[in-house]
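Taking it in order: structure first as structure tokens, then the write-up.
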Amino acid sequence: MTAFPKVALIGPGAIGTTIAAALFEGRAPMVCGRTAHSALVLRTDEGEIVVPGPVHTDPMAIAAPSTVFVAVKTTQTEAIAPADGPVFP
1 MTAFPKVALI
11 GPGAIGTTIA
21 AALFEGRAPM
31 VCGRTAHSAL
41 VLRTDEGEIV
51 VPGPVHTDPM
61 AIAAPSTVFV
71 AVKTTQTEAI
81 APADGPVFP
């Protein structure tokens, strides 16, 4: 069995949800956003892709990921990358 890398995504808006849906292949990326959700739904012309949650509001709730996708607006980057330490444990 091949172990999949732990992938985290911060900012599940339109772009972040699209990235999460593209990554979803029978497993879900760990997602962190401003608002908690039980799942993410990407609606396309072909239907819906549901990425199971949860969407966490605290990055510290996510175990150390191998890769992190940051999909926030530039005005939010400072808030997700504190100067006093890492975002993830």
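So in the UniProt record's numbering, spot 62 of the sequence shown is number 62, and the numbers just go up one at a time. Cβ coordinates follow ideal geometry from the N, Cα and C atoms, glycine included.
What does DSSP give as the partner residues of residue i in its beta bridges?
i     : result
Gly47 : Thr44
Val7  : Thr67
Val55 : Val31 and His37
Skipping 5 residues on each side, what residues in its chain have a beta carbon closer than 7 angstroms to that of residue i?
i     : result
Val5  : In the sequence on display, residue 5 carries Pro and not Val. Result list for Pro5: Ser66 and Thr67, in chain order.
Val72 : Ile10, Gly11 and Ile80
Check each candidate in the options and name the one with the smallest Cα separation from residue i.
i     : options                       : result
Val51 : Ile10, Thr18 and Gly11        : Thr18
Ala64 : Leu42, Val31 and Thr44        : Val31
Thr35 : Gly47, Val72, Gly16 and Pro12 : Pro12
Gln76 : Asp45, Gly33, Pro29 and Glu48 : Gly33
Ser38 : Ile49, Leu9, Pro54 and Glu46  : Pro54
Val7  : Asp45, Pro29, Pro59 and Thr74 : Pro29
Can you name, in chain order, every residue of its own chain whose Cβ lies under 6 angstroms from the Cβ of residue i, other than the five neighbours on each side?
i     : result
Phe24 : Val51
Met1  : Here Met1 scores only 49 on pLDDT, less than 50, and its place in the model should not be relied on; the value that follows carries that caveat. Hits under 6 angstroms: none found.
Looking only at its own chain, which residues have a Cβ that is under 8 angstroms from the Cβ of residue i, when we skip the five neighbours before and after it?
i     : result
Ala21 : Leu40, Leu42, Ile49 and Val51
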